[in-house]
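Take a look at the structure below.
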Amino acid sequence: MKYFMIAIVCVLCFLLPFFVGAYLIHVLTSIMIFLSLALSWDMMLRTGQLSFGIAGFFGLGAYASIIAVDDFSIDPLWSILVAAGFAALIALALGWIVLRLREIYFAITTLALSSVFMIFARNLSDLTGGSAGKVLYESIFKGDSIKIYWLVLSVALTVILVSELFQRTRIRFAINAIRDDEIAAKCSGVNIFKYLLFVFVLTSAIQGAVGALYAQQYAFVEPESTFSANFLLLPMSMALVGGIYSSLGPIIGAVVLGLASEYLKLIMPYGHLIIYGLILVLTIMFLPRGIYGTVVNRIAAKR
Amino acid sequence: MKRNFVGYVVLAIALFLIALLRPYAFFYGVQRGSLYGLVALPLALILGIVGLLNLAHGEFLTLSLYMTYLLFTKWGMDPLVSPAVTVPLLLAFGFVVYKLVIERSLKTHHLNLLLLTFGVSIVMVESLNIWWTSRPRNIYVPYASTSVNIFGVYVGGYEFLYTIAVVLVLTGLLLFLKKTRLGQATYAVGQNPKGAAIVGINVKFVYAFVFSLAAGLVALAGALLSVRSSIFPQAGGPFTMKSFSLTAMAGLGNLPGIVLAGIVLGIAEEFVKSIPGYTGWADLVFFVVLIAAIVFRAFGRREG
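Which chain is which? The protein sequence lines are F and G, in order. Residue 221 in this note's numbering sits at position 221 of the first sequence; the count goes up by one each step and never skips. Residue 332 in this note's numbering sits at position 29 of the second sequence; the count goes up by one each step and never skips.
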């Protein structure tokens, strides 16, 4: 019954463009982009490692995909895979070093990533177009917003599926054990390093792919806007508001904050980041489990 | 110990060579590096003792830059006098941030603290952005652009104030930690908060004190920096990561090491800047240093 409901919701999501207007489709596309980022961030957080690298890998994927299309004339659709692979490769090299020390070292190294990648984007101007960026002749599917919606939806559903697989298979026990107590996990025979590296590479690949999607949708990359802190702060706030350590939490958060941010754009043309910063601080202080976690706890308490 | 000694000798020779081959890079590097050390010391103090990485550290610096700017333009206060006002103000600000935001989350998962201070840094940058816009501002004082002649090399004389300040602050901190009762209590809390509480140290007070003290010290760096740097909302941001990379290089609790690491980073950056065509890559140096420090720690530990 439950699976039947999920299947119906998925089909409805795919059929949605036939019933609603172009504006809503645009909003939903952007929500699902951020949803995938939020979920990938949460998947890493479940292992007890805080990554600030979302914006970095997002931008990396965006650049990889635009360069793949422009300089190597790869099909835009395939370029998304190229971007994911490139992000995974960089994450593998980086994670192999940094994940040995973890925690603060990991957090700060990933926090530096977007500025580091930005320096590369600025200085390798033959490849990346320098600080002017790079523009493609046309966006993916010739800018057909319904096809883009379907593509983004499929990616978002895949990310949700991966996240659910993490929650339902053996990996979950390993991940939870590492988060709760590394030494105990090690003693129980969990190869901490291998698991962390696997999750880091996978989530970075997702972030790279999402960055590629976004870049293909707008057909340009530019250092400042591609590596914008928006792509870090908004997904993090979404996951925290919705509720971390679950699949449903970040989804709820993405929908709530995604709709709210559309409204915010109308009443406050610039400086949204302060709102997300405040949301971040207030959520951690007063609602550490997020909406989903709090509701689940209430229900559990009543039983 | 012996390995350390060899390391220092190699370092000294390398620095000497740079001083000989690229004297400008050397002197600029020492100046820049002293500034890094000056900013990194408070961060290392909080990290070493409260065990809290304050990701809003650089934004405290930005705030003090703006305060100095405001005092200069509104009341004509000289930036070198303004610490008398900005240090107490930032002490108070640090205390308020600590009490309002950080203290209540100390007992939760430490990742929350990282996220919290990250949120605080965003809120600070964006508030400055809204109030003062992103337009860069400058303070002009004539004495900031004097130059001195060292063995035929003309370099800015003002920046040597960073070097003097970092030596003074380092000595002051070391004396405070070793010689005063409060300093020893601070050490004790850093080693074992529970044990310190059992022997009657007011752990909460020490935490609040260290956090405020660090903010106050940042104000000192901010006042010195204000006349030589553009003042804009993101001015201080990069200092957070640079300070952390210095702490990673020196090791936790090694305060003199941080100053040395700062100077090494400063010289390395200026060296890269002095190579024609590679100026843009100078900001990458700290990341290379950070990764190198992590590699050294991660793989060196296994041998030991």
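Yeah, the Cβ is synthetic: ideal placement off N, Cα and C, and Gly gets one too.
Under the three-state DSSP convention, the category G48 (chain F) falls into: Translated into positions along the first sequence, residue 48 (chain F) becomes position 48. G48 (chain F) falls in the coil class under three-state DSSP.
Endpoints, beta strand (DSSP E) assigned at S450 (chain G): As a first step, residue 450 (chain G) is located in the second sequence; it is residue number 147 there, counting from the start. Where S450 (chain G) is concerned, the enclosing beta strand (DSSP E) stretches over 450–453.
Chain F within 7 Å of N557 (chain G), Cβ atoms only: Position 254 of the second sequence, counted from the start, is the residue given in the question as residue 557 (chain G). N557 (chain G) does not count as touching chain F.
Given 8 Å, three or more beta-carbon pairs between the segment 346–359 of chain G and the segment 502–516 of chain G: yes
Sequence-distant residues of the same chain with beta carbon closer than 7 Å to V338 (chain F), five excluded per side: The displayed coordinates of chain F run from 1 to 303. Any statement about residue 338 (chain F) would go beyond what the structure contains.
Contacts of L356 (chain G) in chain F (Cβ-Cβ under 9 Å): Locating residue 356 (chain G) in the second sequence gives position 53, where the first residue counts as 1. What L356 (chain G) touches in chain F: I104, A107, I108.
Close-in-space but distant-in-sequence residues of the same chain around L555 (chain G) (CB under 8 Å, 5 per side omitted): Position 252 of the second sequence, counted from the start, is the residue given in the question as residue 555 (chain G). If we look at L555 (chain G) and ignore the five residues flanking it on each side, its Cβ neighbours are A347, L350, G351.
Start-to-end residues for the beta strand (DSSP E) that takes in G459 (chain G): Position 156 of the second sequence, counted from the start, is the residue given in the question as residue 459 (chain G). G459 (chain G) -> beta strand (DSSP E) spans 456–459.
Cα-Cα separation between G539 (chain G) and G361 (chain G), rounded to whole angstroms: For the purposes of this step, residue 539 (chain G) is identified with residue 236 of the second sequence, where counting begins at 1. For the purposes of this step, residue 361 (chain G) is identified with residue 58 of the second sequence, where counting begins at 1. Within the model, the alpha-carbon separation for G539 (chain G) versus G361 (chain G) is close to 4 Å.
Residue-chain proximity (V591 (chain G), chain F), Cβ-Cβ < 7 Å: The residue labelled residue 591 (chain G) in the question sits at position 288 within the second sequence. No, V591 (chain G) does not count as interfacial toward chain F.
8 Å CB neighbourhood of S450 (chain G) in its chain, flanking five on each side removed: Counting from one through the second sequence, the residue named residue 450 (chain G) turns up at place 147. Excluding residues within five positions, the ones whose Cβ falls inside 8 Å are Y457, V458, G459, G460.
Y220 (chain F), DSSP secondary structure in three states: Locating residue 220 (chain F) in the first sequence gives position 220, counting from the first residue. The question names Tyr, but residue 220 (chain F) is Phe in the sequence shown. Under the three-state reduction of DSSP output, F220 (chain F) falls in the strand class.
Assumed close pair F227 (chain F), G21 (chain F) - CB separation to whole angstroms, cut-off 8 Å: The residue labelled residue 227 (chain F) in the question sits at position 227 within the first sequence. The residue labelled residue 21 (chain F) in the question sits at position 21 within the first sequence. Their Cβ separation, rounded to whole angstroms, is 32 Å, which puts F227 (chain F) and G21 (chain F) out of contact at 8 Å.
Under 7 Å from the C-beta of I277 (chain F): neighbouring residues of chain G: As a position in the first sequence, residue 277 (chain F) is number 277, starting the count at 1. A small correction: the amino acid at residue 277 (chain F) is Gly; Ile does not occupy that position in the sequence shown. From the beta-carbon of G277 (chain F), the residues of chain G found nearer than 7 Å are G422, I425, V426, E429.
Chain-order list of residues whose beta-carbon lies under 7 Å from that of N176 (chain F) (same chain, five-residue window excluded): As a working note, residue 176 (chain F) is residue 176 in the first sequence. Taken in chain order, the list of residues that qualify is empty.
Same chain, Cβ closer than 8 Å to M304 (chain G), five either side skipped, listed in chain order: Along the second sequence, read from residue 1 onward, the residue named residue 304 (chain G) stands at position 1. Because M304 (chain G) sits at a pLDDT of 47, beneath the cut-off of 50, its placement in the model cannot be relied upon, and the following sentence gives the value as read from the coordinates. Once the five neighbours on either side are set aside, M304 (chain G) has no close Cβ partner at all.
Residues within the segment 514–545 of chain G neighbouring chain F, beta-carbon criterion of under 8 Å: P541, M544
Three-way DSSP call (helix, strand, coil) for V20 (chain F) in this model: Numbered from 1 along the first sequence, position 20 holds the residue referred to as residue 20 (chain F). Three-state result, V20 (chain F): coil.
Residues that L161 (chain F) contacts on chain G, provided the C-beta gap is smaller than 9 Å: Locating residue 161 (chain F) in the first sequence gives position 161, counting from the first residue. Correct list: empty, because the minimum Cβ distance to chain G is about 26 Å.
N432 (chain G) beta carbon less than 7 Å from that of P536 (chain G): Locating residue 536 (chain G) in the second sequence gives position 233, where the first residue counts as 1. Locating residue 432 (chain G) in the second sequence gives position 129, where the first residue counts as 1. Contact: yes.
Of the residues F:A62, F:L16, F:L202, the one placed nearest M44 (chain F), counting alpha carbons only: On the first sequence, position 44 is the one that residue 44 (chain F) refers to. It is F:L202 whose Cα lies nearest to the Cα of M44 (chain F).
C-alpha distance - K194 (chain F) paired with L101 (chain F), whole-angstrom precision: The residue given as residue 194 (chain F) occupies position 194 in the first sequence. The residue given as residue 101 (chain F) occupies position 101 in the first sequence. Taking the straight line from one Cα to the other gives about 13 Å.
Alpha-carbon spacing of E606 (chain G) relative to V159 (chain F), whole angstroms: Walking along the second sequence from the start, residue 606 (chain G) turns up at place 303. Walking along the first sequence from the start, residue 159 (chain F) turns up at place 159. Bear in mind that the predicted position of E606 (chain G) carries a pLDDT of just 43, short of 50, making it too unreliable to give a figure here.
Beta-carbon proximity check, V221 (chain F) vs I66 (chain F), cutoff 7 Å: Locating residue 221 (chain F) in the first sequence gives position 221, where the first residue counts as 1. Locating residue 66 (chain F) in the first sequence gives position 66, where the first residue counts as 1. It is a contact, given that the beta carbons lie within the stated cut-off.
Residues of its chain near E262 (chain F), where Cβ-Cβ distance is below 7 Å and the 5 sequence neighbours each way are ignored: Taking the first residue of the first sequence as 1, we reach residue 262 (chain F) at position 262. Beyond the five residues adjoining it in sequence on each side, E262 (chain F) comes within less than 7 Å, by CB distance, of V27 in the same chain, given in chain order.
C-alpha distance - Y339 (chain G) paired with S204 (chain F), whole-angstrom precision: Taking the first residue of the second sequence as 1, we reach residue 339 (chain G) at position 36. Taking the first residue of the first sequence as 1, we reach residue 204 (chain F) at position 204. So the two alpha carbons sit approximately 31 Å from each other.
The segment 395–403 of chain G touching the segment 523–534 of chain G, judged by at least three CB pairs closer than 8 Å: no
Chain-ordered residues of the segment 265–292 of chain F with a beta carbon less than 9 Å from chain G: Y270, G271, H272, L273, I274, I275, Y276, G277, L278, I279, L280, V281, L282, T283, I284, M285, P288
From F:I97, F:L273, F:A215, F:A84, residue whose alpha carbon lies closest to that of M236 (chain F): As a position in the first sequence, residue 236 (chain F) is number 236, starting the count at 1. That would be F:L273, whose Cα lies nearest to the Cα of M236 (chain F).
Reduced DSSP category for R438 (chain G) - H, G, I as helix; E, B as strand; rest coil: Counting from 1 along the second sequence, the entry for residue 438 (chain G) is found at position 135. Correct three-state label for R438 (chain G): coil.
Residue from G:I578, G:S430, G:M552, G:V333 with nearest C-alpha to F463 (chain G): As a working mapping, residue 463 (chain G) is identified with position 160 in the second sequence. Of the listed residues, the one whose Cα sits closest to F463 (chain G) is G:V333.
Positions along the segment 429–459 of chain G whose CB lies within less than 7 Å of some CB in chain F: E429, S430, N432, I433
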